[in-house]
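Data block below; observations after.
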Amino acid sequence: ENYFAETEQIAFGTGVLVDGLDFSDDKMLQGRTLSYSDTQRYRVGPNYLQLPINAPKKHVATNQRDGQMTVRVDLAPGANPHVNYEPSSLGGLQESAPSGAPHTPFVQGNLVRQTIDRTNDFGQAGQTYRDFSDAERDELIANLLANLGGAADHVKARMVWLFSQCDANYGQRVAEGLGISVPTSDPYGGSVAGVDRRPNQGANSDGQPATGGAEVAEREGQTAQPY
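Sequential numbering of the sequence shown, starting at 1142, is according to this note's numbering.
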């Protein structure tokens, strides 16, 4: 009925597939697949999927918020409208668990998807902290204490734990400012310390012994439930 609304604003993306379809190992195809959705965000806008011509026929709940020309907020029934990230102790959406087996084409053996055995969730944050001058570190700690002072105790403990995984001094200074001790393990029982996880090697980004391994991180990462 309207050429512009129903044709010019159509935003196709080769990466949008129904379950059961997958891509070949062609590098050109994979590269173009990655770029299509980003191109539509630039061409039409960050909320192009909210336009009627591009929107799904069924309700979809996401953590997408705001941006230019927002039409609506895709919330799930009963979800906390103030939380658009995960994980969170305040509720909010959680990523749906994957279903089915991954596609494994045979190319002189099986091509499979596996968890990367060398990830470091805290290394860059720790290095940045150590690169700061004394004045910058003092200002960072002061800002954190000003914002965490009124937080719930379990939130304080969780944040101190995360800071300590970046750098032992980082976590210790925040803990002292809040009047609490640095937890010896994750208060939420979530991901393990930020380590450069390789076989038979475990240490935090600041060189301290790690409290877990890649196996724990993989196991904990698979416990997310569908919303």
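Each residue gets a CB set at the ideal place from its N, CA and C atoms; glycine is no exception.
Please read these numbers as outputs of a predicted model, since none were measured by experiment.
Selection Ala1266, Thr1180, Ala1220 and Pro1187 evaluated against Asp1207 yields Pro1187 as nearest (Cα-Cα).
The beta-bridge partner set that DSSP reports for Phe1247 consists of Asn1251.
Between Ala1152 and Asn1195, the beta carbon gap of about 5 Å places them in contact (Cβ cut-off 8 Å). Residues of the same chain with a CB within less than 8 Å of the CB of Tyr1177, apart from the 5 flanking positions on each side, are Phe1153, Gly1154, Thr1155 and Gly1156 in chain order.
Under the DSSP assignment, Met1300 falls in the alpha helix (DSSP H) whose first and last residues are Asp1294 to Cys1307. When secondary structure is reduced to three states using DSSP, Ser1240 falls in the coil class, being assigned neither helix nor strand.
Gly1264: member of the alpha helix (DSSP H) spanning Gly1264 to Asp1272, first to last residue. Per DSSP, the continuous alpha helix (DSSP H) segment holding Leu1170 begins and ends at Lys1168 to Arg1184. The DSSP-derived three-state label of Leu1281 is helix. Residue burial annotation: Phe1247 is exposed, with fewer than 16 other C-beta atoms found within 10 angstroms of its C-beta. A contact is defined here as three or more CB-CB pairs under 8 Å, and the region 1311 to 1320 meets this definition with respect to the region 1279 to 1291. Taking Arg1271 as the centre and dropping the five residues before and after it, the same chain places the C-beta of Asp1308 closer than 7 Å to its C-beta, in chain order. Taking the CA atoms as reference points, Pro1328 sits about 13 Å from Ser1305. Taking each of Met1169, Leu1162, Arg1184 and Asn1261 in turn and checking the Cα distance to Gln1209, the smallest one comes out for Arg1184. In the displayed model, Arg1213 falls within coil according to three-state DSSP, outside both helix and strand. Distance check between Asp1294 and each of Gly1264, Ala1242 and Ser1230 places Ser1230 closest, using alpha-carbon atoms only. Between Pro1243 and Arg1254, the gap from beta carbon to beta carbon is short of 7 Å. Here DSSP, grouped into helix, strand and coil, assigns Gln1191 to helix.
In summary, Tyr1189 is buried, with 16 or more beta-carbon neighbours lying within 10 Å of its beta-carbon over all protein chains present.
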